[in-house]
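Heads up: the sequence lines are chains A and B, in that order. Residue numbers for the first sequence follow this note's numbering, beginning at 1 and rising by one. Residue numbers for the second sequence follow this note's numbering, beginning at 291 and rising by one. The beta carbon of each residue, even a glycine, is placed where N, CA and C say it ideally should be. On a predicted model such as this, the values are computed, not experimentally measured, just so you know.
2 protein chains.
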Amino acid sequence: MLDPVSRVRRFNRAVTSAVGALDTSFLGRGRPLGAARVLNAIGHGRTDVGEIRDYLGLDSGLMSRLLRSLEDEELIETTAHENDARRRIARLTAAGKREFNAYEAISNRQAKDFLSHHTQREALLAAMDLIASALGRDGTALDEMDPRSDEARYCLGEYYAELARRFKQGFDVKLSRDPDAKDMVRPRGSFIVAMSDGLPLGCVGLKGASGEFAEIKRLWVAPSARGLGLGRRLMDAAERAARELGIEVLRLDTNSALAEAGQLYRRSGWTEIPRFNDDPYPDLFFEKRL
Amino acid sequence: MLDPVSRVRRFNRAVTSAVGALDTSFLGRGRPLGAARVLNAIGHGRTDVGEIRDYLGLDSGLMSRLLRSLEDEELIETTAHENDARRRIARLTAAGKREFNAYEAISNRQAKDFLSHHTQREALLAAMDLIASALGRDGTALDEMDPRSDEARYCLGEYYAELARRFKQGFDVKLSRDPDAKDMVRPRGSFIVAMSDGLPLGCVGLKGASGEFAEIKRLWVAPSARGLGLGRRLMDAAERAARELGIEVLRLDTNSALAEAGQLYRRSGWTEIPRFNDDPYPDLFFEKRL
DNA sequence: CAAGATTTCTGACTAAAGTCAGATATATGC
DNA sequence: GCATATATCTGACTTTAGTCAGAAATCTTG
């Protein structure tokens, strides 16, 4: 009754039948599922035919025919790739955009209906985030971004909110040494965001150009993505960026209230050093030589 | 980025591709999905051909052919139903049992692998329970059971644990008026368990034979199934059972720390009355005339 | 027991998905 | 420039799923 394996399998069954219902709803617009999937992939910005084929796992012959059928419906147009005429680029026509929007509307309404039937909205959404992250962890990509981008600012906002929750004395960015965005952009530094299917799941900043060492700042992983090794991946990526920038010494500060972070640093080759700044929040200081 | 609808859709995408992988794994044994599904349904104890057809949503012609193909492989045998020779009963042969076990082993290993890749095990399982309950709520059946059955005892254990967590002074069954199991079995009373795909999600007891009124006891809903109206359904079922048993007055006691329960009673026609017993735990008392 | 209903089976189809061996056009490396 | 690799397309298949009409056997009800 409490066996974890049966619980996972119960989840699988529940989800399989729900997904079955989801699939048939796509047939509501008089188009076979294959063609609908290709149309959606194009609508979501995948234009390269080969990329769509890989993404959907289709045979090239089948893919070709699906493209032809969408062309016959005048929903898409294909052109040759500008640098490589072997490759084809597919784009939605005006009618194709309308059709794509209709599919989007169906999906959005379904999602809304699902949510509206439940009073446990937040718990349900948190559970969905957790599972989507767990299932999609191989699909989590680390992208270098500007720390002023929407994605980065979302991560930083969540990071500050979490510090405020976890520090006894609260947290106010203005009182801490908030790094200048330019110090976390090449060529001085870097800012990396972990993105999973459009949702930011974590970040880390590399703040350079402050003399003999650079600093790791703002390491954060979304609660729904913890335990998947994402913190480690972000730190590795930041170190890689540091090496590319010719940085030899890295430092960071943290607080002993953030136990997981401290563990991560110790386990990945950082050594504790004495306080090297006067920021009021940290009480633990680390260094790593690359 | 935080839009609930996008979060639901991200979950759908993650799960659809995971389920896709799950489906193809069934093909790993060289049998089309349809036949594999029928074999599994029979293995899980569904023997009546018509029942399987309804469960899997298959056309009778298709079903018939799938049965033939499984028979050709000598994985199943069919016989006529003993009371109705039109109906057919399907059973696994020894080879069929081996094959079914192989499918079970694949599913179990997949579930185990999934869990072993994550350190957030308990959080993940809780999230899966929540979502499975939310998706499968139409499939939650209320079954009358003996309060000494495994399912009932699991529910009661969870119920006591929750009271212990939520009451400031803790909770010890021995100090409360624990009803005799016989008073919650027909013809005196009843005990109802909400089952969803093998997992007990809630319970309620109807304790009769104590004079001029019967009592509702042990109303519990699993955390993962709250907000789905299950408490209401359980109460309705208990009242229905009470009417069948000719009971005219129902009473119950509860504690103001269980706010949701109090709300439910008030909203479904119960009226508060003065204390009618000397149990140390409750501080709220209700009555309903049927 | 006759008429009608129910359950399963069979035959004759269609649609969709998927496979595979070339053909064609283009790019790349020596 | 030529051999080789790559990307897409076409034709000729097969498999799987699903539909539908009607046959055959059996049950139910008046």
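Determine the DSSP secondary structure at residue i, reduced to helix, strand or coil.
| i | result |
| --- | --- |
| Asp362 (chain B) | helix |
| Ala547 (chain B) | coil |
| Thr368 (chain B) | strand |
| Ile379 (chain B) | strand |
| Pro223 (chain A) | helix |
| Arg541 (chain B) | strand |
| Arg13 (chain A) | helix |
| Gly170 (chain A) | coil |
| Ala141 (chain A) | strand |
| Val339 (chain B) | helix |
| Pro179 (chain A) | coil |
| Ala484 (chain B) | strand |
| Arg232 (chain A) | helix |
| Pro570 (chain B) | coil |
Would you tell me roughly how many angstroms separate the C-alpha atoms of residue i and residue j, rounded to the nearest one?
| i | j | result |
| --- | --- | --- |
| Asn116 (chain A) | Trp270 (chain A) | The identity of residue 116 (chain A) in the sequence shown is Ser, whereas the question assumes Asn. Going from the Cα of Ser116 (chain A) to the Cα of Trp270 (chain A) covers about 48 Å. |
| Ala209 (chain A) | Ala181 (chain A) | 12 Å |
| Leu365 (chain B) | Ser486 (chain B) | 29 Å |
| Leu496 (chain B) | Ile482 (chain B) | 8 Å |
| Asp293 (chain A) | Val221 (chain A) | Outside the modelled stretch of chain A, which goes from 1 to 290, sits residue 293 (chain A), for which no answer is possible. |
| Arg336 (chain B) | Arg443 (chain B) | 26 Å |
| Ser60 (chain A) | Met418 (chain B) | 36 Å |
| Leu420 (chain B) | Ala242 (chain A) | 42 Å |
| Ile42 (chain A) | Ser514 (chain B) | 37 Å |
| Ala424 (chain B) | Thr254 (chain A) | 40 Å |
| Asp436 (chain B) | Met474 (chain B) | 8 Å |
| Val38 (chain A) | Gly189 (chain A) | 39 Å |
| Ser268 (chain A) | Glu448 (chain B) | 41 Å |
| Leu62 (chain A) | Gly34 (chain A) | 9 Å |
| Arg53 (chain A) | Ile89 (chain A) | 12 Å |
| Leu230 (chain A) | Ala259 (chain A) | 16 Å |
| Ala237 (chain A) | Tyr555 (chain B) | 56 Å |
| Val309 (chain B) | Gln263 (chain A) | 35 Å |
| Ala126 (chain A) | Gln120 (chain A) | 10 Å |
Compare the Cα-Cα distances from residue i to each of the options and report the closest residue.
| i | options | result |
| --- | --- | --- |
| Arg232 (chain A) | A:Gly30, A:Pro147, A:Glu51 and A:Leu142 | A:Leu142 |
| Leu346 (chain B) | B:Asn302, B:Glu441, B:Glu361 and B:Ala326 | B:Ala326 |
| Gln110 (chain A) | B:Phe576, B:Val298, B:Leu509 and B:Cys445 | B:Val298 |
| Leu535 (chain B) | B:Glu562, B:Arg557 and B:Ala504 | B:Ala504 |
| His408 (chain B) | A:Ala132, A:Glu248, A:Arg266 and A:Asp150 | A:Ala132 |
| Leu465 (chain B) | B:Arg476, B:Pro477, B:Arg456 and B:Tyr450 | B:Tyr450 |
| Ala105 (chain A) | A:Phe11, A:Gly28, A:Ile273 and A:Leu201 | A:Gly28 |
| Arg388 (chain B) | B:Ala454, B:Ala547, B:Glu434 and B:Glu363 | B:Glu363 |
| Ala304 (chain B) | A:Phe167, A:Thr140 and A:Glu272 | A:Thr140 |
| Val5 (chain A) | B:Gly492, B:Leu414, B:Arg467 and B:Gln553 | B:Leu414 |
| Leu382 (chain B) | B:Ala484, B:Arg376, B:Leu489 and B:Glu367 | B:Glu367 |
Exercise for the section: Check each residue of the region 211 to 243 of chain A: if its Cβ is closer than 7 Å to any Cβ of chain B, include it; give the result in chain order. Expected result: Arg226, Gly227 and Leu228
Practice task
Could you name the residues of the region 178 to 198 of chain A whose beta carbon sits closer than 7 Å to any beta carbon of chain B, in the order they occur along the chain?
Solution key: Asp197 and Gly198
Exercise for the section: Using a Cβ-Cβ cut-off of less than 9 Å, give me the residues of the region 34 to 54 of chain A that come near chain B, in sequence order. Expected result: none
Handout entry: Interface residues of the region 98 to 113 of chain A facing chain B [CB-CB below 7 Å]
Key = Ser107, Asn108, Ala111 and Lys112
Exercise for the section: Would you check if the region 370 to 378 of chain B and the region 337 to 344 of chain B touch, i.e. whether three or more CB-CB distances between them fall below 8 Å? Expected result: yes
Problem - Cβ-based contacts, 9 Å cut-off: residues of the region 132 to 146 of chain A near chain B - result: Residues Ala132, Ser133, Ala134, Leu135, Gly136, Arg137 and Gly139.
Problem - Any 3 or more C-beta pairs closer than 8 Å across the region 169 to 176 of chain A and the region 272 to 282 of chain A - result: The region 169 to 176 of chain A and the region 272 to 282 of chain A touch, with no fewer than 3 CB-CB distances between them shorter than 8 Å.
Problem - Residues of the region 53 to 85 of chain A whose Cβ lies closer than 9 Å to any Cβ of chain B, in chain order - result: Gly57
Handout entry: the region 540 to 560 of chain B: positions lying closer than 9 Å to chain A by Cβ
Key = none
Exercise for the section: With 7 Å as the C-beta to C-beta threshold (strictly closer), list the residues of the region 7 to 22 of chain A near chain B in chain order. Expected result: Arg7, Val8, Arg9, Arg10, Phe11, Asn12, Arg13, Ala14, Val15, Thr16, Ala18, Val19 and Leu22
Handout entry: Proximal residues, the region 560 to 573 of chain B versus chain A, C-beta separation under 9 Å
Key = Answer in chain order: no residues at all.
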